[in-house]
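Residue numbers (our numbering): 817 to 1089.
Note that beta-carbon positions come from the ideal geometry of N, C-alpha and C, so glycine has one too.
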């Protein structure tokens, strides 16, 4: 399909239409060799509640955004390189069916399709694109993934101290390392995680201690390494890219399968043929 559509007028028109829907707020999507393979509406697990999102699958990236007017206007564009994506099928809950998780090094989140067939189709196309892209680039599949956030309504109390009860005056916070919903007292620390952000991020007290211990172990290992070996190892600057969804603060975390988080009444546009 990619070879057939590449450099064709119909593909150029489809990509131009997507760019037009995102308008000036979106990034240019037309690059040589890029093909738009399909699109559809999925329910995305956001911090506050599940929300419909428009998704576009290209042969090298996955693009999604918020729906203002379907087929006409979208915003909050997010672009995910497919070579960084790993998929995980999740069990159904009473309120959310046909679920799976999209995991990347910077952000992980849960989505749901309107039917089992649509989920299979999405996953099949995604896996095929990822496989071809990794073969083309020679990269190995990603093994490090950001923790998805647990939805706010999953708990009424802090998941660390289990004492603080959330209310309109007592805010919920999320640890950027484990994704747990925690109170302010249990998440006063910040820690620099270059893979996620160039700035120190909020973490819970337990993760902070674990991160400090890990940093100490790495420092000790560096000290034990011979000076000649250290000087021979090139240094690299960590990526400063940020894939945070500031409009929603929407991430999720692993949670018991019987927890009722989700609803699913969304429409679908089939993949291009």
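Taking the continuous alpha helix (DSSP H) assigned at residue i, which residues delimit it?
i	result
residue 947	932–953
residue 827	825–838
Among the options, which has the Cα closest to the Cα of residue i?
i	options	result
residue 938	855, 847, 833	855
residue 842	969, 962, 891, 896	891
residue 889	835, 858, 1039	835
residue 924	861, 1018, 882	861
residue 995	965, 971, 987, 983	965
residue 986	1036, 997, 839	997
residue 969	991, 909, 865, 962	865
residue 950	1039, 971, 898, 857	898
Identify whether residue i lies in helix, strand or coil by the three-state DSSP scheme.
i	result
residue 861	strand
residue 1032	helix
residue 914	coil
residue 981	strand
residue 969	helix
residue 818	helix
Might you give, ordered along the chain, the residues of its own chain that have their beta carbon closer than 8 angstroms to the beta carbon of residue i, omitting 5 neighbours on each side?
i	result
residue 901	878, 918, 919, 920, 942, 946, 958
residue 1074	With a pLDDT of 44 at residue 1074, under the threshold of 50, the modelled position of that residue is not reliable, and no figure is offered here.
residue 979	973
residue 960	921, 1011
Go through its chain and collect everything with a Cβ distance to residue i's Cβ below 6 angstroms, but skip five positions before and after it.
i	result
residue 828	none
residue 818	851, 875
residue 894	880
residue 848	none
residue 872	834, 855, 879
What are the boundary residues of the beta strand (DSSP E) that includes residue i?
i	result
residue 881	877–885
residue 902	902–905
residue 925	924–928
Which same chain residues, not among the five before or five after residue i, have their C-beta less than 7 angstroms away from its C-beta?
i	result
residue 1002	974, 976, 977, 1020, 1021
residue 916	903, 904, 905, 906, 927, 935, 939
residue 1007	1016, 1017, 1019, 1024, 1027
residue 837	888, 889, 890
residue 825	none
residue 1012	922, 962, 992
Does residue i come within less than 8 angstroms of chain D when only Cβ atoms are used?
i	result
residue 986	In the structure shown, chain D does not exist; there is a single protein chain.
Can you name the residues that DSSP bridges to residue i?
i	result
residue 856	871
residue 891	882
residue 1007	1017
residue 1092	Given that the chain is displayed from residue 817 to residue 1089, the structure contains no residue 1092 and the question cannot be resolved.
residue 998	989
residue 897	877
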